[in-house]
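Read in order, the letters of the sequence shown correspond to residues 97 to 599 in the numbering used here.
All C-beta atoms, glycine included, are put in the ideal place defined by N, C-alpha and C.
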Amino acid sequence: MATFFEGESHTFSEYLLVPGYSSSENIPANVSLKTPLCRFKKGEQPRITLNIPMVSSIMQSVSGERMGVALATEGGMSFIYGSQTPESEAAMVKWVKDYKAGVVESDSTLTPDMTMEQVMDLKERTGHSTMPVTDDGTPHGKLLGIVTSRDYRPSRDDHQAKVATFMTPREELVTGTKETTLKVANDIIWDNKLNALPIVDENDHLVGIVFRKDYDSHKSNPDELLDANKRYMVGAGINTRDYAKRVPLLLEAGADALCIDSSEGFSEWQKLTIDWIRENYGHDVIVGAGNVVDAEGFRYLADCGADFVKVGIGGGSICITRETKGIGRGQATALIDVCRARDEYYKETGVYVPVCSDGGIVYDYHMTLALAMGADFMMLGRYFARFDESPTNRVNVNGQYMKEYWGEGSARARNWQRYDLGGAAKLSFEEGVDSYVPYAGSLKDGVGMTIYKIKSTMCNCGANSIHELQQKARLTLVSSTSIVEGGAHDVVLKDHNQSVSYH
Ligand code: RVP
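Given below as structure tokens:
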């Protein structure tokens with residue numbers, strides 16, 4: 097006889113938080129959202145602590161290199177999508193890691209005889225406008241000058257003009273040496289009103305560049321998630337098939353954490369993948385696993401040595417796994433069950449394995465609910481797809497700006513294998529859809545508002561940390577009638593658009 101789980105499985109929208117006592121200390125400014133990313137032993141610290149409890153989904157339409165930088169700037173972590181070749185995924189990871197390191201190696205270096213047209217092409221490709229000029233065009237060649245967007249006017253100047261004729265030449269450049277500390281470099285930038293300071297060695301060969309924006313960035317983004325070398329942290333998705341090739345490339349590129357990306361993770365394939373990583377890299381490499389939806393699945397992956405466990409099957413906004421395969425569980429119920437198992441595991445073994453709630457977050461308050469139910473952090477797809485920094489097109493649909501958003505199980509996402517690897521189309525069915533989501537501007541503004549809402553609700557629950565929220569939260573299931581009561585009701589809305597806008 098099959099096993100039947102007690103009760104129904106529920107989603108976030110079926111729960112509400114009941115406020116608890118809050119003191120005058122419970123103000124958003126006092127709330128910390130720091131949370132562990134990976135397993136740690138009692139009394140020890142996790143190797144990575146996120147500054148906000150958000151990671152971005154391992155999806156083509158969500159986590160490219162720009163998302164990596166934008167989310168780390170706010171204190172979370174992106175997991176670059178794995179549905180691409182190992183080489184191109186590693187290149188994205190490297191792009192994020194190179195983005196800011198105090199002294200950055202130039203990825204747009206010129207020679208004096210290149211043309212303005214080539215400069216513009218390069219700028220278009222890399223997005224970087226400060227370009228050093230070296231004798232051989234390499235990032236460590238002899239420094240001859242620098243070109244910035246202030247040195248040429250595409251609308252007026254001859255596009256065939258040579259770099260040598262419009263660059264700022266070496267003799268006019270202020271430079272630092274290898275001995276110049278980052279602090280001194282920033283003082284030189286400040287004193288000379290520069291935007292960038294080239295660093296050269298004793299033979300006047302370029303070492304790298306310190307940018308003003310990197311310095312400013314520290315001041316205006318106090319939550320940014322940095323590694324020991326002050327580079328942004330970034331994660332990467334892997335699969336249970338090509339890990340022997342993919343993992344080394346990702347680690348070489350500097351990935352801070354890996355995550356096995358699978359819609360159903362209670363399987364030996366995940367164990368084999370983790371075992372291979374442990375055999376080859378020991379416990380230095382952080383690797384998350386999933387997805388599971390019950391205590392048994394959690395325990396299996398925790399015993400396999402997963403550094404964190406992802407929860408959620410079929411709850412994603414673009415996911416039709418439940419419809420096509422009939423597997424899954426209401427996200428809230430799955431999360432509560434798994435978090436209970438995590439706490440038991442901690443009691444028994446003294447090892448805390450963080451839980452990530454993946455998919456199904458629709459409203460900002462769902463994130464607070466997920467945290468209250470025990471999640472250490474959330475993985476979000478639709479939420480991040482709406483921002484400028486997601487890799488997809490912004491399109492105008494019937495007068496409204498939208499961003500494209502498609503599931504990893506959709507034919508669109510799966511096509512990369514056919515195109516990139518030359519594989520044959522095999523028998524498969526879709527588990528995801530291709531869709532639009534309402535465009536929501538910059539990630540910084542969107543995340544800022546969401547974080548503020550989470551902190552405010554936490555204050556209503558008398559909690560100044562996620563751990564405190566999990567101890568103090570009081571949750572109630574709501575009837576379908578009271579869900580109606582929770583929205584605007586029995587009034588005629590003045591602005592008809594309100595009924596279709598994103599809340
Ligand atoms: P959401 O945030 O609700 O958009 O859900 C995103 C999650 O959905 C992803 O992190 C992943 O777990 C899942 N997903 C991604 N693609 C698909 C699919 O095609 N079925 N599902």
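Integer-rounded CB distance, given that residue j should sit under 8 Å from residue i
{"i": "glycine 272", "j": "valine 306", "result": "7 Å"}
{"i": "cysteine 625", "j": "methionine 469", "result": "As displayed, the chain neither begins before 97 nor continues past 599, which places residue 625 out of reach and without an answer."}
{"i": "glutamine 600", "j": "glycine 408", "result": "There is simply no residue 600 to check, as the chain begins at 97 and stops at 599 in what is shown."}
{"i": "glycine 537", "j": "aspartate 319", "result": "The pair is not a contact, with the Cβ atoms about 19 Å apart (cut-off 8 Å)."}
{"i": "isoleucine 284", "j": "valine 199", "result": "Their Cβ separation, rounded to whole angstroms, is 13 Å, which puts isoleucine 284 and valine 199 out of contact at 8 Å."}
{"i": "arginine 606", "j": "valine 389", "result": "Nothing about residue 606 can be read from this structure; the chain reaches only from 97 to 599."}
{"i": "threonine 131", "j": "aspartate 472", "result": "5 Å"}
{"i": "serine 486", "j": "serine 157", "result": "6 Å"}
{"i": "leucine 87", "j": "alanine 481", "result": "The structure shown has nothing for residue 87, since the chain only spans 97 to 599."}
{"i": "glycine 164", "j": "serine 153", "result": "Rounded, the Cβ-Cβ distance is 13 Å, inconsistent with contact."}
{"i": "valine 529", "j": "isoleucine 416", "result": "6 Å"}
{"i": "glycine 393", "j": "cysteine 355", "result": "16 Å between Cβ atoms; not a contact."}
{"i": "aspartate 300", "j": "leucine 239", "result": "6 Å"}
{"i": "glycine 386", "j": "tyrosine 177", "result": "Not quite, the Cβ-Cβ distance comes to about 16 Å (not below 8 Å), so this is no contact."}
{"i": "glutamate 504", "j": "methionine 155", "result": "5 Å"}
{"i": "arginine 570", "j": "glycine 223", "result": "The Cβ separation is near 48 Å, so there is no contact."}
{"i": "valine 151", "j": "aspartate 209", "result": "No, valine 151 and aspartate 209 are not in contact; Cβ-Cβ is about 46 Å, not under 8 Å."}
Neighbourhood of residue i by C-beta distance below 6 Å, restricted to the same chain and skipping five residues each side
{"i": "isoleucine 382", "result": "Cys134, Ala353 and Asp403"}
{"i": "proline 265", "result": "Gly241"}
{"i": "alanine 281", "result": "Gly272, Leu293 and Val306"}
{"i": "glutamate 161", "result": "Met188, Trp191 and Val192"}
{"i": "arginine 143", "result": "Cys134"}
{"i": "alanine 186", "result": "Leu345, Leu346 and Ala349"}
{"i": "serine 128", "result": "Ser561"}
{"i": "threonine 546", "result": "Asp460"}
{"i": "lysine 549", "result": "Asp460"}
{"i": "asparagine 317", "result": "Thr169"}
Where residue i falls, given that 16 or more other Cβ within 10 Å makes a residue buried
{"i": "threonine 276", "result": "buried"}
{"i": "glycine 582", "result": "exposed"}
{"i": "phenylalanine 136", "result": "buried"}
{"i": "glutamate 104", "result": "exposed"}
{"i": "threonine 99", "result": "exposed"}
{"i": "phenylalanine 483", "result": "buried"}
{"i": "tyrosine 396", "result": "buried"}
{"i": "lysine 279", "result": "exposed"}
{"i": "serine 179", "result": "buried"}
{"i": "asparagine 325", "result": "exposed"}
{"i": "threonine 572", "result": "exposed"}
{"i": "aspartate 433", "result": "buried"}
{"i": "tyrosine 510", "result": "As written in the sequence, residue 510 is arginine, which differs from the tyrosine given in the question. Arginine 510 is buried by the Cβ-count criterion."}
{"i": "arginine 252", "result": "exposed"}
{"i": "asparagine 560", "result": "buried"}
{"i": "alanine 340", "result": "exposed"}
{"i": "glutamine 366", "result": "buried"}
{"i": "leucine 539", "result": "buried"}
{"i": "phenylalanine 362", "result": "buried"}
{"i": "lysine 406", "result": "buried"}
{"i": "aspartate 454", "result": "buried"}
{"i": "glycine 518", "result": "With a pLDDT of 45 at glycine 518, under the threshold of 50, the predicted position of this residue should be treated as unreliable, and no value is reported."}
{"i": "glycine 544", "result": "exposed"}
{"i": "aspartate 591", "result": "exposed"}
Contact set for residue i: own chain, Cβ-Cβ below 8 Å, skip 5 residues either direction
{"i": "lysine 138", "result": "Tyr442, Gly446, Val447 and Tyr448"}
{"i": "serine 118", "result": "Cys555, Asn556, Cys557 and Gly558"}
{"i": "isoleucine 579", "result": "Ser109 and Glu110"}
{"i": "tyrosine 515", "result": "The predicted position of tyrosine 515 is uncertain, since its pLDDT is 47 and thus under 50; a value taken from the coordinates is nonetheless stated next. For tyrosine 515, where only same-chain residues beyond five positions count, there are no Cβ hits under 8 Å."}
{"i": "threonine 420", "result": "Phe525, Glu526 and Glu527"}
{"i": "leucine 290", "result": "Val270, Ile284 and Arg308"}
{"i": "methionine 329", "result": "Ile144, Ala168, Met173, Leu321, Leu322, Asp323, Asp352 and Ala353"}
{"i": "isoleucine 423", "result": "Glu360, Ile409, Gly410 and Thr417"}
{"i": "isoleucine 373", "result": "Tyr339, Val343, Leu354, Val381 and Val383"}
{"i": "aspartate 232", "result": "Thr207 and Lys238"}
{"i": "serine 552", "result": "Pro124"}
{"i": "valine 114", "result": "Arg570, Leu571 and Thr572"}
{"i": "alanine 257", "result": "Thr211, Met212 and Tyr248"}
Residues near residue i in its chain [Cβ-Cβ closer than 7 Å; skip 5 each side]
{"i": "aspartate 297", "result": "Lys274 and Val303"}
{"i": "serine 531", "result": "Ile414, Tyr501 and Trp502"}
{"i": "serine 245", "result": "Ser225"}
{"i": "proline 235", "result": "Glu201, Ser202, Thr205 and Leu302"}
{"i": "proline 534", "result": "Arg482, Gln496, Met498 and Tyr598"}
{"i": "tyrosine 479", "result": "Ile457"}
{"i": "proline 250", "result": "Met216"}
Check: Where in the stretch 509-595 do unbroken runs of the beta strand (DSSP E), each at least 3 residues long, occur, reported from the N-terminal end onward?
Finding: 530-534 and 571-573
Check: What runs of the alpha helix (DSSP H), each 4 residues or longer, lie entirely inside the stretch 265-298?
Finding: 278-287
Next item on the list: Please specify which runs of the alpha helix (DSSP H), each continuous and at least 4 residues long, are wholly inside the stretch 203-244, giving them in chain order.
Entry: 212-222
Note to self: What ranges does the beta strand (DSSP E) occupy inside the stretch 342-386, keeping only unbroken runs of at least 3 residues that lie completely in it?
What the structure shows: 353-356
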